[in-house]
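Asks: I am attaching a structure below and will ask some questions about it afterwards.
What follows is the structure, given as structure tokens:
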């Protein structure tokens, strides 16, 4: 008989007996626990858990076994089919390196996502999407058409059953309403310097100030620009011998790696929200 893999994620107020109750319910459903991680947040008093199980049972059996436990402990419970790719819409503008990273890893089978559509406010990257066999939608954005474009984007999310939106160097600021509509299911990448530089040509600004560390931050999208819950970060050291062009190249490499890891962890259901922070079980 075929063995199924499921992933269970949960968060709830911490109290004794949670692990025992969850394990017992999974045993009742005929599950073998292959991986289990848990964490109790000292700041919020919230308990987090991610469990990966193998079983000959079907999804309804797990749902029935876990339902009374979820109710008893006031859990926010998630149940996912293991190994099932997450349907992901990628947004981009003109810089194709990050888009290429994601589409290449998807094709290679190293990133558990399925990309039904790429959306861009420019046409430049249409040939790249075509190369990977992914439909490309040109959705231009101006101050006059922003609301209409965002409504079209949400329609595409609904039409394609999209579970995750990734901003792969998408050079437009999303409205507060769109950020709220995509809360917890949209990931962005931005440079993160020490100190931070905003505006045009941040890598050139960093070079001019003689920074010694450059890096990137992948985070969930919120109405507060580049301040959403952080999923992953990476930094690398640089020195005076590097040119601004070196900074740009190195920074984009870091951005690609950081975004890919964040997308992978989200797609594997390893990221749980703890207020403005994340709990990540890599």
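In this note's numbering, the protein residues as written are 32 to 313. Quick reminder that beta carbons are idealized off the backbone N, C-alpha and C, glycines included.
Would you decide whether residue 256 is buried or exposed? Buried here means 16 or more other CB atoms lie within 10 Å of its CB.
Replies: Within the chain shown, the letter at position 225 stands for residue 256. Counting Cβ neighbours within 10 Å, residue 256 comes out exposed, since fewer than 16 surround it.
Asks: Exposed or buried, what is residue 169 when buried is set at 16 or more other beta-carbons lying within 10 Å of its beta-carbon?
Replies: Reading the chain shown from its first residue, position 138 is the one you call residue 169. By the 10 Å Cβ count, residue 169 comes out exposed.
Asks: Tell me the DSSP secondary structure of residue 106 in three-state form.
Replies: Taking the chain shown and counting its residues from 1, one reaches residue 106 at position 75. If DSSP states are grouped into helix, strand and coil, residue 106 belongs with coil.
Asks: From this set, 56, 284, 216 and 69, which residue's C-alpha is nearest residue 42's C-alpha?
Replies: Taking the chain shown and counting its residues from 1, one reaches residue 42 at position 11. Ranking the options by Cα distance to residue 42, first place goes to 69.
Asks: Return the first residue and the last residue of the beta strand (DSSP E) that residue 122 is part of.
Replies: Residue 122 sits at position 91 when you count from the first residue of the chain shown. It spans 117-123 - the beta strand (DSSP E) in which residue 122 sits, taken as one unbroken run.
Asks: So, using beta-carbon positions, are residue 290 and residue 220 closer together than 9 Å?
Replies: Taking the first residue of the chain shown as 1, we reach residue 290 at position 259. Taking the first residue of the chain shown as 1, we reach residue 220 at position 189. In this structure, residue 220 lies closer than 9 Å to residue 290 by Cβ.
Asks: From what residue to what residue does the beta strand (DSSP E) around residue 152 run?
Replies: Sequence index remark: in the chain shown, residue 152 carries index 121 (1-based). Here residue 152 belongs to no beta strand (DSSP E), and DSSP marks it neither H nor E.
Asks: Report buried or exposed for residue 173, applying the criterion of at least 16 other Cβ atoms within 10 angstroms of its Cβ.
Replies: Translated into positions along the chain shown, residue 173 becomes position 142. So residue 173 counts as exposed.
Asks: Take every Cβ of the stretch 290-299, pair it with every Cβ of the stretch 95-102, and state whether three or more of those distances are shorter than 8 Å.
Replies: Cβ pair count under 8 Å is below three, so no.
Asks: To the nearest angstrom, how far is it from the Cα of residue 97 to the Cα of residue 61?
Replies: Here the question's residue 97 lines up with position 66 in the chain shown. Here the question's residue 61 lines up with position 30 in the chain shown. Computed Cα separation, rounded: 12 Å.
Asks: Can you find at least 3 beta carbon pairs, one from the stretch 53-67 and one from the stretch 115-124, that sit closer than 8 Å?
Replies: Judged by Cβ distances under 8 Å, the stretch 53-67 makes no contact with the stretch 115-124, as fewer than three pairs qualify.
Asks: Bridge partners of residue 312, per DSSP?
Replies: Position 281 of the chain shown, counted from the start, is the residue given in the question as residue 312. Looking at the DSSP assignment, residue 312 forms no beta bridge with any residue, so it has no partner.
Asks: Is there contact between the stretch 72-79 and the stretch 44-52, where contact requires at least three CB pairs shorter than 8 Å?
Replies: Touching, yes, given that three or more Cβ pairs across the two stretches are closer than 8 Å.
Asks: Just checking residue 202 against the ligand GTP - is the residue's beta carbon closer than 8 Å to any of the ligand's heavy atoms?
Replies: For the ligand GTP, the structure offers nothing, since it holds no ligand at all.
Asks: On the DSSP bridge list, what partners appear for residue 251?
Replies: Sequence index remark: in the chain shown, residue 251 carries index 220 (1-based). DSSP output for residue 251 lists 218 as bridge partner(s).
Asks: I'd like the ranges of any beta strand (DSSP E) spanning at least 3 consecutive residues and lying wholly in the stretch 161-211.
Replies: Runs found: 167-169 and 195-198.
Asks: How big is the Cα-Cα spacing for residue 92 and residue 58?
Replies: For the purposes of this step, residue 92 is taken as the residue at position 61 of the chain shown. For the purposes of this step, residue 58 is taken as the residue at position 27 of the chain shown. Cα to Cα, residue 92 sits roughly 11 Å from residue 58.
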